[in-house]
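Offset between the sequence shown (1-based) and this note's numbering: plus 14. Backbone N, C-alpha and C fix where the C-beta goes; we use that ideal spot for every residue, glycine too. Nothing here was measured: the structure is a model prediction, and the numbers come from that model.
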Amino acid sequence: MSRSTLRLTLECNNRCVFCGQEGLADAAARSLEELEGALASLRERSDAVTFTGGEPTLSPALPRLLARARELGFREIGLQTNCQDIHVPKDIDAYVAAGLTDVQLSLHGPRALIHDYHTDVEGSFATIVRVAGALGERGVRLVAATVVTRSNFRELAPMPALLRRLGVRAWLLRVPRIAGRAARRLDSTTPRLGMAMPRVLHAVELARRVGLPAFLEGAPLCLTGPYASRVIVGDGARAFAPSCDGCEARARCPGFDPRYLARFHGDEAAPWSVRDRVYIHVSPREESLRGLFTGIGELAIESTEVPSSEAKRSPSLTVLSG
């Protein structure tokens, strides 16, 4: 099954510390007619669609587009949401009746103190837990995405158990894309991957043990241990450190965010042999769940320049248009 995404708005009711869309609030504004036309075009090449934002539930076009997606014959119709504007049960019942089949939750910590800090909205954790329960009761398939930051990478271990309790079927851990607010707050938001990735991989293993498929996005393959087969390669610019030269995996590696390398140099990277690598493979069922995350994330990075107040001397970088 091929899945496409349709961005409805860049408006959002969270104020996430890692937001890469800050300053782009009006860039995606389109009329209902334009959105319906875009949806029809997507149907020509896809049989599943996910509505994204910003926060797509803030778009008045969402109910109509859910119904239109079903009319067009999409087999699966998804929504990426922070849940803050979803009213239980009214909105959920309306979305499901219109054709909603799956939801990607944005959940950034195992308890309110951590999640609410990242969203900068008090009570957002309690809201997402309540809405997730109501969605699950109505048979909506749930997956979740967590952005890995300096403030939560040490707190990932309890996440698999929480997600299982919420009925989540798959989990994506994403390294921040350094743009917008995340670029402004680079030093307080973006973790050094050499420190964060061991904790991330531990969380992925804990998820595996409780039967929760977990995937990774935004980290180079050499930092993903036996979970390289679970990496999702996103859109946007890619950059490689000098130590990446000659690596057998480079052609299919997500590499680094260019701004990460400009700030931290990427000395965590090391060439590795594809032949000698040990993989924990992805089952066919897990592969189908991976597709729910495909193409979902921030807008592609347009600039690789680090603000002068945050820049350090950096090695020359190889940047590929991805």
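Asked	Found
Member of Arg144, Gly147, Ser165 and Asp105 whose CA lies at the smallest distance from the CA of Ile128	Ser165
Alpha-carbon to alpha-carbon, Thr23 and Ala41	In this prediction, Ala41 scores a pLDDT of 48, lower than 50, which makes its location untrustworthy; no coordinate-derived value is stated.
Residues that DSSP places opposite Asp116 in a beta bridge	Gly92 and Arg155
Presumed contact (8 Å Cβ cut-off) between Arg89 and Ala111, rounded CB distance	Arg89 to Ala111, Cβ: 17 Å. No contact.
8 Å Cβ shell around Leu86 - same chain, five flanking residues per side excluded	Leu53, Ala54 and Arg57
Beta-carbon spacing of Leu72, Glu25 below 8 Å	yes
Cβ shell of Thr203 (< 7 Å), same chain only, five flanking positions each side left out	Val31, Phe32, Thr163, Arg164, Pro190 and Ala196
Same chain, Cβ closer than 7 Å to Leu149, five either side skipped, listed in chain order	Ile106, Val117 and Leu156
Validate contact between the segment 227 to 245 and the segment 288 to 303 using beta carbons, cut 8 Å, 3 pairs	yes
Element boundaries [alpha helix (DSSP H), containing Glu36]	Note, Glu36: premise wrong, no alpha helix (DSSP H); not H, not E.
Terminal residues of the alpha helix (DSSP H) in which Ser202 lies	Leu200 to Thr203
Among Ile192, Arg206, Arg183 and Leu237, the one whose alpha carbon lies nearest that of Leu303	Arg183
Minimum C-alpha distance to Pro172 - residue among Val218, Asp259 and Glu69	Val218
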